[in-house]
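Data block below; observations after.
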Amino acid sequence: MSLVKENDTVKIHYTGKLEDGQVFDSSLEREPIEFTIGGGQIIPGLEKGLIDMKVNDKKTIEIPQTEAYGEVQEELFQEVPKDQLPQEITPEVGMGLVAKNPDGSERQLRVAEVKDESIVIDANHPLAGKDLIFDVEVVEIK
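Right under this line is the structure:
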């Protein structure tokens, strides 16, 4: 029976949780995800944790923030005057916003703080600074 190794394409089911048990994502109600080990499509800690697993193996993988979405980067916080926001938006802490980059791509942002004349936006990944726990099952190895 083959084991997961670098450059294999795998299909897995997963449930991603925070240390307090809160589930942030799961594939159990949909199709398993498929990706190539070493392809940079998923976080490094999850790739590493899958090495040497077999089809139908189940495992819990604990991933430190440095092998997940990294630490919170202070330089990704930015203060923006409220008059630069669309008028129909009433900003609230935790609200998601989308910014367009000059190349037309979009960036996900989150409102971190609301002040009288401005807001502070956070461009860090929502899971930055967090250790993650994944319950995984290998469905297929190609």
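Residue numbers 1 to 142, in full-length UniProt numbering, belong to the letters of the sequence shown in order. Here a beta-carbon is modelled for each residue, glycine too, at the ideal position from N, C-alpha and C.
Pull the bridge partners of residue i from the DSSP assignment, please.
{"i": "ASP25", "result": "GLY16"}
{"i": "GLN78", "result": "ILE121"}
{"i": "ILE37", "result": "According to DSSP, which records beta bridges pairwise, ILE37 is partnered with nothing at all."}
{"i": "GLU62", "result": "ILE133"}
{"i": "LYS11", "result": "GLU34 and GLU140"}
Considering only residues of the same chain and omitting the five flanking positions on each side of residue i, which have a CB-CB separation below 6 Å?
{"i": "GLU140", "result": "LYS11"}
{"i": "GLU67", "result": "PRO44 and GLY45"}
{"i": "ASP57", "result": "VAL138"}
{"i": "ASP52", "result": "LEU3"}
{"i": "THR133", "result": "Residue 133 is actually Ile in this sequence, not Thr. Contacts found: LYS17 and GLU62."}
{"i": "LYS142", "result": "THR9"}
{"i": "MET1", "result": "LYS54"}
In whole angstroms, what separates the C-alpha of residue i from that of residue j?
{"i": "VAL80", "j": "GLU117", "result": "9 Å"}
{"i": "ILE119", "j": "ASP103", "result": "24 Å"}
{"i": "VAL138", "j": "LYS130", "result": "24 Å"}
{"i": "GLN84", "j": "LYS100", "result": "14 Å"}
{"i": "LYS5", "j": "ILE37", "result": "7 Å"}
{"i": "GLN78", "j": "LEU97", "result": "13 Å"}
{"i": "LYS48", "j": "ALA128", "result": "19 Å"}
{"i": "VAL136", "j": "GLN108", "result": "27 Å"}
{"i": "ASP20", "j": "ILE33", "result": "24 Å"}
{"i": "LEU3", "j": "LEU76", "result": "39 Å"}
{"i": "GLU88", "j": "LYS82", "result": "11 Å"}
{"i": "ARG30", "j": "THR15", "result": "12 Å"}
{"i": "PRO64", "j": "GLU106", "result": "27 Å"}
Let me check you understand the geometry: is the CB of residue i closer than 7 Å to at least one non-hydrogen atom of the ligand ZN?
{"i": "ILE12", "result": "With respect to the ligand ZN, the structure offers nothing, as it holds no ligand at all."}
Is there contact here, the stretch 25 to 42 with the stretch 85 to 95, by at least three beta-carbon pairs under 8 Å? No, the stretch 25 to 42 does not touch the stretch 85 to 95.
Restricting to runs no shorter than 3 residues, where is the beta strand (DSSP E) found entirely within the stretch 91 to 142? As far as the stretch 91 to 142 is concerned, its whole beta strand (DSSP E) runs of at least 3 residues are 96 to 100, 106 to 114, 118 to 122 and 132 to 141.
May I ask you to verify whether the stretch 104 to 115 touches the stretch 27 to 46, counting CB pairs closer than 8 Å and requiring at least 3? Short answer: they don't touch.
Segment contact, 8 Å Cβ cut-off, at least three pairs: the stretch 66 to 74 with the stretch 119 to 131: Flag = yes, the stretch 66 to 74 and the stretch 119 to 131 touch.
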